[in-house]
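126 is the number that UniProt numbering gives to position 126 of the sequence shown; each next residue is one higher, with no gaps.
Virtual Cβ for every residue (Gly too), placed ideally from N, Cα, C.
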Amino acid sequence: MTVELIITLSIIVLAVLIYTVTYFVRKKHYERIDELDRMKKELYAQMPSNKVRTLDKMMITGQSKEVANTVIADISLIEEKKLPAIESYLFEAEQATDRYRFSQSTKSEQKAEELLKETGESIGRTSEKLDELLQREQANLRKIDSIKKRYHKVRKELLAKSFTFGESINSLEDKLGEMENLFTSFSDLTASGDHEEAKKVVNQLESRLNEMEAMMASIPEINAKIENDYEKQLEEIREGYETLVEQNYNFPESLDIEERISHLAGKTAHIKELLVQLELNEIESEQADVEQAIDELYDVMEKEIDAKYALEKLLRKIPKIIYYVTNQSKELSLEIDRIGQSYHLYQGEQDTYLEMNNLMKEQKKIVNSLSEQIDKNNIAYSDAEELLLQAFSQLENLSHAYDSLSESLYAYRDKEKEIKKDLEEMEHALREMKRYIQGKHLPGLPGDYLDLFFYTTDHLEKLSVESARPKLDLEAVTRLHALCDEDIEHLADKTEAIVDNALLTELTSQRLYRYKDEYPGVMETIKYSEALFLDDYDYETSLKMVREKLESIEPGAFEEVKALYKKEMSNAQ
């Protein structure tokens, strides 16, 4: 096959391919244009032309006429501009497709589609407005009929139960009069064909009727509360206050009861005025204030009545506790004198006693002053009760303080007995330690031990001398007692250590002696340890010498010796 033939065939194939592609693309555009044309025809069918003709025949005025004109203008815009524009875009798309200008065709199709969508929405909105305009009159008439029924029911109830509305009745009737004017306005607007304005009147009537029904539900309850609760309670409070004053009740100066009653009467009158004016929203907060004020006045009077009875009981208790605390003070004074003759009082008992006595005198003055004010009726019972309760509490605390101080004084004698008993026990312990260490027949005692022994003996002698003085300095004796106690404990530990070291040295030396022939240096260690033991009385170092030598020969042997020693000592005890 020649090159020319191949090229020719390629051209033919390409041409066929281009033709085929072009054919299908044109077909697709034609199908799209047909689809958009079908949608356009559907829009024509949806045009509310019959409704517009019906609207033209209706007699409408005012706001309704303005709305109708707007709707008709929207329909005209669709018919005269939007639908023809859609046809123009479709025609341009078809021509562009015929000429194989597919890009131009696509743009025209998109414009037509967008305008179709917009026009469809416009037709839907205008149709709804048309339906609303055509049905407005009937809808208004149905709504006004329902409102009239409710209105007549409200009027009937207002006439039948006028006494429950008190002075608000006139304002409520004025409200009904205003609603009657709105009914008249509705009739006039409907007759003239202005159904949009008539709808606004219907809405006003419904709103006012709702408000009226809510008021008529609330006002009787509020009115009853004012007459049956607030005014009656206020009168009861006024009479109760006057009665209490006649019975010589006083009230705290910070509470001007008469001014409060007057203010409360004004608040109640203000609520009635608000009720006449139908200002129900403001009444709620005012009611809360009045109810709180009424409760507070009742509480004030009840508090004084309760305080009077409580005060009578308290006035019977106060003299008893004063008498009791006074006797405590006298007895404590004598006790301080007695204890002070035998001991130096080092804990400030005398100063504490004087402070408590001053406090007692102060409370007596307060009680006498309050009693005088109560007798002269110069103080409110509640104030007197509060102050007397404080004084009673102070006197109770003072009584407990006297008891504590008395116990502190008695503790001097107990402490002295305890120290003297301990002194006897420590002296006995010292003698026992001396006999114990002597019984071990040691060659002698280390110098530091003897120093501690004599040092402890001196302290015990000083403690014995100090505790035998006619007037005991218990503070100094207590310090010396603690020192002696520490010395005795230290000496006991030292005594035990010396005896243990000495006896363990003997036992360990005996165990070590077994190896005198086998190990050189054993006898030398034993002799050196013996010299420390017999000449220097250094039992601790002596034990250390033989212990270390024994452990070097027989590890663990010293622990065996020690365990045997402890067993023997335990059996001996």
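Residue environment, residue i, which counts as buried when at least 16 other CB atoms sit within 10 Å
i: residue 510; result: exposed
i: residue 564; result: exposed
i: residue 354; result: exposed
i: residue 559; result: exposed
i: residue 487; result: buried
i: residue 247; result: exposed
i: residue 455; result: exposed
i: residue 361; result: exposed
i: residue 284; result: exposed
i: residue 356; result: buried
i: residue 440; result: exposed
i: residue 569; result: exposed
i: residue 561; result: buried
i: residue 547; result: buried
i: residue 332; result: buried
i: residue 465; result: exposed
i: residue 531; result: exposed
i: residue 349; result: buried
i: residue 525; result: buried
i: residue 522; result: buried
i: residue 334; result: exposed
i: residue 577; result: Given that the chain is displayed from residue 1 to residue 573, the structure contains no residue 577 and the question cannot be resolved.
i: residue 393; result: exposed
i: residue 230; result: buried
Backbone CA spacing between residue i and residue j [nearest angstrom]
i: residue 586; j: residue 220; result: This structure cannot settle anything about residue 586, because the visible part of the chain is limited to 1 through 573.
i: residue 267; j: residue 295; result: 14 Å
i: residue 554; j: residue 498; result: 25 Å
i: residue 502; j: residue 468; result: 40 Å
i: residue 401; j: residue 337; result: 18 Å
i: residue 412; j: residue 431; result: 29 Å
i: residue 417; j: residue 474; result: 11 Å
i: residue 438; j: residue 341; result: 45 Å
i: residue 261; j: residue 386; result: 25 Å
i: residue 320; j: residue 327; result: 11 Å
i: residue 228; j: residue 272; result: 13 Å
i: residue 384; j: residue 395; result: 16 Å
i: residue 264; j: residue 293; result: 7 Å
i: residue 427; j: residue 542; result: 31 Å
i: residue 304; j: residue 391; result: 19 Å
i: residue 297; j: residue 314; result: 25 Å
i: residue 535; j: residue 480; result: 36 Å
i: residue 300; j: residue 398; result: 33 Å
i: residue 289; j: residue 245; result: 26 Å
i: residue 434; j: residue 545; result: 27 Å
i: residue 206; j: residue 259; result: 46 Å
i: residue 414; j: residue 556; result: 53 Å
First through last residue of the alpha helix (DSSP H) which encompasses residue i
i: residue 374; result: 349 to 375
i: residue 413; result: 381 to 439
i: residue 575; result: Residue 575 is absent from the structure shown; the chain starts at 1 and stops at 573.
i: residue 553; result: 539 to 553
i: residue 232; result: 231 to 246
Minimum C-alpha distance to residue i - residue among the options
i: residue 287; options: 223, 435 and 451; result: 223
i: residue 459; options: 470, 447, 446 and 477; result: 477
i: residue 291; options: 337, 234 and 331; result: 234
i: residue 323; options: 350, 465 and 363; result: 363
i: residue 540; options: 514, 523 and 496; result: 496
i: residue 408; options: 38, 345 and 449; result: 345
i: residue 504; options: 519, 490, 518 and 538; result: 538
i: residue 452; options: 405, 479 and 494; result: 494
i: residue 461; options: 516, 378 and 420; result: 420
i: residue 513; options: 201, 550 and 270; result: 550
i: residue 306; options: 351, 250, 365 and 381; result: 381
i: residue 566; options: 529, 526 and 507; result: 507
i: residue 404; options: 125, 244, 153 and 352; result: 352
i: residue 317; options: 270, 367 and 301; result: 367
i: residue 329; options: 389, 239, 249 and 359; result: 359
i: residue 302; options: 256, 365 and 237; result: 237
i: residue 378; options: 181, 339, 250 and 311; result: 250
i: residue 240; options: 252, 257, 225 and 226; result: 257
i: residue 449; options: 373, 484, 423 and 490; result: 490
i: residue 406; options: 347, 125, 270 and 175; result: 347
i: residue 484; options: 269, 243 and 424; result: 424
Any non-hydrogen atom of the ligand SAM within 7 Å of residue i CB
i: residue 335; result: Although the ligand SAM was asked about, the structure shown includes no ligands whatsoever.
Within-8 Å CB hit, residue i to chain C
i: residue 340; result: Given the protein chain composition of this structure (a single chain), no chain C is represented.
Practice item. Can you check the region 509 to 537 for any alpha helix (DSSP H) of at least 4 residues that lies completely inside it and give the ranges in chain order? Key: The qualifying runs are 522 to 531.
**Study point:** Those runs of the alpha helix (DSSP H) which lie wholly inside the region 272 to 352 and span at least 4 residues
**Key:** Listed in chain order, they are 280 to 342.
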